[in-house]
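**Student:**
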Amino acid sequence: MENLIRDYLIGKTFAVVGASRNPSKFGYQVFRNLLMRGKTVYPINPNIDEIDGIKVYKSII
Numbered sequence: 003m004e005n006l007i008r009d010y011l012i013g014k015t016f017a018v019v020g021a022s023r024n025p026s027k028f029g030y031q032v033f034r035n036l037l038m039r040g041k042t043v044y045p046i047n048p049n050i051d052e053i054d055g056i057k058v059y060k061s062i063i
C-alpha cells in the first residue's frame with residue numbers, strides 16, 4: 003500500500019474533483035496540499051468559478 007501511495011504522489015498534475023473554497027472541507031485541503039507541494043492542480047466543481055484566484059472547471063470532461 004505504501005508503494006501505491008508513493009507512486010501516486012510522484013505525479014505532477016492532478017484533478018481534484020469536489021474541490022472547495024471552504025478551508026474546513028476535505029476538497030480544499032487536498033487542493034491546497036497539492037499546490038503547496040508544487041503540483042499542477044485542476045480543481046473541479048460545477049458550483050464555483052475560482053478558488054484562491056485559480057480557475058475552477060465545471061467538469062473533468
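First residue of the sequence shown: 3, per my numbering; consecutive thereafter.
We put the CB at the ideal spot given by N, CA and C, even for glycine.
At which residues does the beta strand (DSSP E) containing Y10 begin and terminate?
**Tutor:** Within the sequence shown, residue 10 is the residue found at index 8, counting from 1. That residue, Y10, is in no beta strand (DSSP E); its alpha helix (DSSP H) goes 4-11.
**Student:** By Cβ distance, which residues of its chain are closer than 7 Å to V19, with the 5 residues on each side in sequence left out?
**Tutor:** Taking the first residue of the sequence shown as 1, we reach residue 19 at position 17. Only I46, I62 meet the Cβ criterion.
**Student:** On the three-state DSSP scale, how would you describe V32?
**Tutor:** Looking up residue 32 in the sequence shown gives position 30. Helix.
**Student:** Tell me, please, whether the region 49-57 touches the region 20-36 by the rule of three or more beta-carbon pairs shorter than 8 Å.
**Tutor:** Verdict: yes, contact present.
**Student:** For L11, count neighbouring C-beta atoms within 10 Å of its own C-beta (all shown protein chains included) and say buried if the count is 16 or more, exposed if not.
**Tutor:** Taking the sequence shown and counting its residues from 1, one reaches residue 11 at position 9. So L11 counts as exposed.
**Student:** For a quick check, are the C-beta atoms of K14 and K41 less than 8 Å apart?
**Tutor:** Looking up residue 14 in the sequence shown gives position 12. Looking up residue 41 in the sequence shown gives position 39. The answer is yes: Cβ separation under 8 Å.
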